[in-house]
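**Q**
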Amino acid sequence: MELLRGGKRLAQLSDTWFVVTLWALTRILHGLWLAIVGAQNGRSVDSMLRNWDTVHYLAIADNGYDLSDFAPRVAFFPGLPLVLRAGQLFGLSNLLTGVVLSAVCSLLAALALARLGGRWVALAWLVAPMSVFAMVVYTEAPFAAAAFWAWERARRGQWPAAAALTALACTLRVNGLFVAGAIGLLILLQVRGLAAKARAIGWLTLPAVTFAAYMGYLWWLTGNSRAWLDAQKEGWQREFTWPWDTIKATLRAIHDYPDFALMFRFELVVFVLGLLLLAWLVGRRAWADGAYLAVTLAAFGTSIWLFSVPRSMLYWWPLWLVIGAWVRRRPTPAPGEAAEQPETIPAAQPLAPAGGGWPVAAWRVGLYATYVVAAFGMSLWWARLFYLGQWAG
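Residue 988 in the numbering used here is what sits at position 170 of the sequence shown, and the numbering runs on without skipping anything.
(1) Using a Cβ distance threshold of 8 Å, determine whether the segment 986–994 contacts the segment 1005–1016, with at least three qualifying pairs required.
(2) Apply the 10 Å Cβ neighbour rule to Glu1057 and answer buried if 16 or more other Cβ atoms are within range, or exposed otherwise.
(3) Decide if Trp1062 is buried, meaning its Cβ has at least 16 other Cβ atoms within 10 Å, or exposed.
(4) Roughly how many whole angstroms lie between the Cα atoms of Val1145 and Thr1023?
(5) Taking three-plus beta-carbon pairs below 8 Å as touching, is the segment 1080–1090 in contact with the segment 1019–1037?
(6) Pick out whichever of Ala1014, Leu1095, Gln1055 and Thr957 has its Cα sitting closest to the Cα of Gln976.
(7) At which residues does the alpha helix (DSSP H) containing Gln1050 begin and terminate?
(8) Below 9 Å between beta carbons: does that hold for Leu929 and Trp1138?
(9) According to DSSP, is Phe1078 helix, strand or coil?
(10) Pick out whichever of Gly905, Ile854, Gly1108 and Asn869 has its Cα sitting closest to the Cα of Gln1208.
(11) What alpha helix (DSSP H) runs, 4 residues minimum, are completely inside the segment 1105–1152?
(12) If you draw a straight line from the C-alpha of Met1196 to the C-alpha of Phe1204, how long is it?
(13) Tell me the rounded alpha-carbon separation between His848 and Gly936.
(14) For Val955, which of helix, strand or coil comes out of DSSP?
(15) Give a yes or no on whether the C-beta atoms belonging to Ser924 and Ala962 are separated by under 9 Å.
(16) What's the gap between the Cα of Val892 and the Cα of Tyr875?
(17) On the three-pair Cβ rule with 8 Å, is the segment 1046–1057 touching the segment 880–898?
(18) Specify the secondary structure class of Pro890 as computed by DSSP and reduced to three states.
(19) Using a 10 Å radius around the Cβ and a threshold of 16 neighbouring Cβ atoms, would you call Val760 buried or exposed?
(20) Measure the alpha-carbon distance for Trp1135 versus Gln830 and round it to whole angstroms.
(21) Suppose contacts are defined by Cβ-Cβ distances below 9 Å. Is Tyr1133 in contact with Phe966 by that definition?
(22) For the alpha helix (DSSP H) containing Val1009, name the first residue and the last one.
(23) Can the beta-carbon of Leu1080 be found less than 9 Å from the beta-carbon of Leu1099?
(24) Applying the 10 Å Cβ sphere with the 16-neighbour rule, what's the burial state of Trp1115?
(25) In angstroms, rounded to a whole number, what distance separates the CA positions of Thr872 and Ala1071?
(26) Do Leu983 and Ala959 have their beta-carbon atoms positioned less than 9 Å apart in this structure?
(27) Within 10 angstroms of its Cβ, does Arg933 collect 16 or more other Cβ (buried), or is it exposed?
(28) Spatial neighbours of Ser832 within its chain, please: C-beta separation below 6 Å, excluding the five flanking residues on both sides.
(29) Around the C-beta of Ser949, are 16 or more other C-beta atoms found within 10 angstroms, so that it is buried, or is it exposed?
(30) Check whether the Cβ atoms of Ala921 and Arg1044 lie closer than 9 Å to each other.
(31) Who are the Cβ neighbours of Gly1002 in its own chain at under 8 Å, not counting the five residues just before and after it?
(32) Please name the residue in Ile1141, Gly1053 and Val838 whose C-alpha comes closest to that of Leu885.
(33) By DSSP, does Asn993 sit in helix, in strand, or in coil?
(34) Between Asn881 and the rest of its own chain, which residues show a CB-CB distance below 8 Å, the 5 nearest in sequence each way excluded?
This is how it looks when you write it as structure tokens:
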């Protein structure tokens, strides 16, 4: 038993160094790409990184939620601006603090995915087409790190740690509540005994209180109990819409806004991909993973139009775990043995020979390799859009 535990620790250490190496390589290549784009277009690094939502986070870090400047900024949660402001205590610029934070958190997120599904899951995430948002001053990397590790802890039954990490996620995005809901469902499905369920679910008051604290602060600041919802509507035209109207509006936008047509097409494609993934999760009875994805898609699918769906893939942990489960060949149940019907996506099996053949089907390896190359190339194109101030989702 001790030997097995030692072997597992060595395997985890190997995965850790592998992921760290991949993370460093992808970030170095993106750094070189940033320099190339700047040189080709006469843009400074500073100006290329100060685009879109980054501007709002930097402004909040400097001035707080100044309603006289741009009131809808209250739609942005305070976790990231607070870290940026903390960096000022050490003489660091907000931009530098934010970029370093995203770099560190993207590594943490990749390590969490490796723990959940193996090193190849982490690689798939690191080269994701929209990975630029995990490298700039956005909440994607910090939120993914908090959410992925919360899920990893929850899968191990470490409910206090999972709740604390989910509370951290709730300081960054409203999606932290979706993580809390998924963990709550996991508790109901996996924890035995009413008292044990109640104790575990009790820990989820941490993220609930964290979210409520910010909503209460906005009520105090604005005198409006709907301040966050109204900010979404005023600043980004987000309000409840029936899903069929959301799809119709997105299709119209493709024709009405030629400069954004390609990105609106991506919105539709990724949304449909999410629905297909959700169907697969339901078929596999991965209820908790499916619930998280379902609520995430519902939030996008009931807005005025589909908006920022592609970059949300960075925190769809079910997607990345399914990629890992797909690329590896799973053991076939012995005759008469019932196939497992998991309540979560099962961890990927080691790449070990089975039946004397290739451990993983060659065609799957080929498709995965094609994805890695194509996705990384696409990530450079996506990053260029962001660096030049063009709409990137």
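Each residue gets a CB set at the ideal place from its N, CA and C atoms; glycine is no exception.
**A** Taking the definition as stated:
(1) The answer is no - the segment 1005–1016 does not touch the segment 986–994, with fewer than three Cβ pairs under 8 Å.
(2) Here residue 1057 is taken as the residue at index 239 of the sequence shown, counted from 1. Exposed, since its Cβ has fewer than 16 Cβ neighbours within 10 Å.
(3) Against the sequence shown, residue 1062 aligns to sequence position 244. Per the 10 Å Cβ criterion, exposed.
(4) Against the sequence shown, residue 1145 aligns to sequence position 327. Against the sequence shown, residue 1023 aligns to sequence position 205. Each residue's alpha carbon lies about 37 Å from the other.
(5) No, the segment 1080–1090 does not touch the segment 1019–1037.
(6) Residue mapping note: residue 976 aligns to position 158 of the sequence shown, counting from 1. Considering only Ala1014, Leu1095, Gln1055 and Thr957, the residue with the shortest C-alpha distance to Gln976 is Ala1014.
(7) In the sequence shown, the residue the question calls residue 1050 occupies position 232. Its alpha helix (DSSP H) spans residues Ala1045 to Trp1054.
(8) Taking the first residue of the sequence shown as position 1, residue 929 is located at position 111. Taking the first residue of the sequence shown as position 1, residue 1138 is located at position 320. Contact flag unset, no.
(9) Your numbering for residue 1078 matches position 260 in the sequence shown. In this structure, Phe1078 counts as helix in the three-state DSSP scheme.
(10) By 1-based counting over the sequence shown, the position of residue 1208 is 390. Ranking the options by Cα distance to Gln1208, first place goes to Asn869.
(11) DSSP assignment within the segment 1105–1152 yields the following whole alpha helix (DSSP H) runs of 4 residues or more, N-terminal first: 1105–1119, 1127–1130 and 1135–1145.
(12) What you label residue 1196 is simply residue 378 of the sequence shown in a count that begins at 1. What you label residue 1204 is simply residue 386 of the sequence shown in a count that begins at 1. Between Met1196 and Phe1204, the C-alpha separation is close to 13 Å.
(13) Here residue 848 refers to the residue found at position 30 when the sequence shown is read from its first residue. Here residue 936 refers to the residue found at position 118 when the sequence shown is read from its first residue. When the Cα atoms are used, His848 and Gly936 turn out to be separated by approximately 23 Å.
(14) Locating residue 955 in the sequence shown gives position 137, where the first residue counts as 1. Here Val955 sits in coil by DSSP.
(15) On the sequence shown, residue 924 is found 106 positions in, with the first residue counted as 1. On the sequence shown, residue 962 is found 144 positions in, with the first residue counted as 1. Taking 9 Å as the Cβ cut-off, Ser924 and Ala962 qualify as a contacting pair.
(16) Start at 1 with the first residue of the sequence shown, and residue 892 comes out as number 74. Start at 1 with the first residue of the sequence shown, and residue 875 comes out as number 57. In this structure, the straight-line span from the alpha carbon of Val892 to that of Tyr875 is close to 10 Å.
(17) Yes, since at least three Cβ pairs between the segment 1046–1057 and the segment 880–898 fall closer than 8 Å, the two stretches touch.
(18) Locating residue 890 in the sequence shown gives position 72, where the first residue counts as 1. Here Pro890 sits in helix by DSSP.
(19) The structure shown does not extend to residue 760, since the chain spans only 819 to 1211, so no value can be given for it.
(20) As a working note, residue 1135 is residue 317 in the sequence shown. As a working note, residue 830 is residue 12 in the sequence shown. Their backbone Cα atoms lie some 19 Å apart in a straight line.
(21) The count along the sequence shown starts at 1 and reaches residue 1133 at position 315. The count along the sequence shown starts at 1 and reaches residue 966 at position 148. Yes, the pair counts as a contact, with Cβ atoms nearer than the cut-off.
(22) Here residue 1009 refers to the residue found at position 191 when the sequence shown is read from its first residue. From DSSP, Val1009 is part of no alpha helix (DSSP H); its letter is neither H nor E.
(23) Position 262 of the sequence shown, counted from the first residue, corresponds to residue 1080. Position 281 of the sequence shown, counted from the first residue, corresponds to residue 1099. Their beta carbons are not under 9 Å apart, which means Leu1080 does not touch Leu1099 by this criterion.
(24) Taking the sequence shown and counting its residues from 1, the one referred to as residue 1115 is at position 297. Reading the sequence as shown, one finds Leu at residue 1115 and not Trp. With 16 or more Cβ atoms within 10 Å of its Cβ, Leu1115 is classed as buried.
(25) If you number the sequence shown from 1, residue 872 lands on position 54. If you number the sequence shown from 1, residue 1071 lands on position 253. Each residue's Cα considered, the two are about 25 Å apart.
(26) Start at 1 with the first residue of the sequence shown, and residue 959 comes out as number 141. Start at 1 with the first residue of the sequence shown, and residue 983 comes out as number 165. When the beta-carbon positions are compared, Ala959 and Leu983 stay at least 9 Å from each other.
(27) For the purposes of this step, residue 933 is taken as residue 115 along the sequence shown, with counting starting at 1. So Arg933 counts as buried.
(28) Position 14 of the sequence shown, counted from the start, is the residue given in the question as residue 832. Excluding the 5 residues flanking it on each side, Ser832 has no same chain C-beta neighbour closer than 6 Å.
(29) Stepping through the sequence shown from its first residue, residue 949 is reached at position 131. Ser949 should be labelled buried.
(30) As a working mapping, residue 921 is identified with position 103 in the sequence shown. As a working mapping, residue 1044 is identified with position 226 in the sequence shown. Taking C-beta atoms as the reference points, Ala921 and Arg1044 fail to come closer than 9 Å.
(31) Within the sequence shown, the letter at position 184 stands for residue 1002. Correct list, in chain order: Ile1019 and Leu1022.
(32) By one-based count along the sequence shown, residue 885 stands at place 67. Selected option, being the one with the closest Cα: Gly1053.
(33) By 1-based counting over the sequence shown, the position of residue 993 is 175. Asn993 sits in coil when the DSSP states are folded into three classes, being neither helix nor strand.
(34) Counting from 1 along the sequence shown, the entry for residue 881 is found at position 63. For Asn881, where only same-chain residues beyond five positions count, the Cβ hits under 8 Å are Asp887.
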